[in-house]
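Visitor: Take a look at the following structure, please.
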Amino acid sequence: MHNYATKNHKVGIRIPENIISRKLTQSFPITTTSANLSGKKTLNNPDEIINQLNEGIDFVIDVGRLKQSEPSTIVDLTRKEPKILRKGSGILKSF
2 MHNYATKNHK VGIRIPENII SRKLTQSFPI TTTSANLSGK KTLNNPDEII NQLNEGIDFV
62 IDVGRLKQSE PSTIVDLTRK EPKILRKGSG ILKSF
């Protein structure tokens, strides 16, 4: 993995909404960063995403401009009590 993906030595697990991504994950795991770097603007244009990530991209499926959406909810499960790090899209049920 690239250094920018493992600075905190934790791994994020994502359940994608995109049908193409879901179909691909049925055949093999996908390891990736988000479509933007942490702290940077969320992008939806493939060219802007590629330019921001700049290196370490092995494969891009360009389906054109992505629909604007709220960033994912991020929950830290490395502690005794789960902690919401970022409230975004997705349904949270009690733990």
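Just so we're aligned, residue 2 is where the sequence shown starts under our numbering, counting upward by one. Note that the Cβ used here is the ideal one computed from N, Cα and C, for glycine as well.
Look at the alpha carbon of Leu1 and the alpha carbon of Ile50, and state the distance between them as a whole number of angstroms.
Guide: For residue 1 there is no data in the structure shown, the boundaries of the chain being 2 and 96.
Visitor: With a 10 Å radius around its C-beta and 16 neighbouring C-beta atoms as the bar for buried, classify Leu54 as buried or exposed.
Guide: Here residue 54 refers to the residue found at position 53 when the sequence shown is read from its first residue. Result: buried.
Visitor: Going by the CB atoms, is the gap between Asp77 and Lys99 shorter than 9 Å?
Guide: The structure shown does not extend to residue 99, since the chain is modelled only from 2 to 96, so the question has no answer here.
Visitor: Please report the residue range of the beta strand (DSSP E) in which Ile85 lies.
Guide: Here residue 85 refers to the residue found at position 84 of the sequence shown. From DSSP, the beta strand (DSSP E) with Ile85 extends over Lys84 to Arg87.
Visitor: Excluding five sequence neighbours on each side, which residues of the same chain lie with their C-beta closer than 6 Å to the C-beta of Leu67?
Guide: Against the sequence shown, residue 67 aligns to sequence position 66. Within the same chain, Leu67 has close Cβ partners Asn45.
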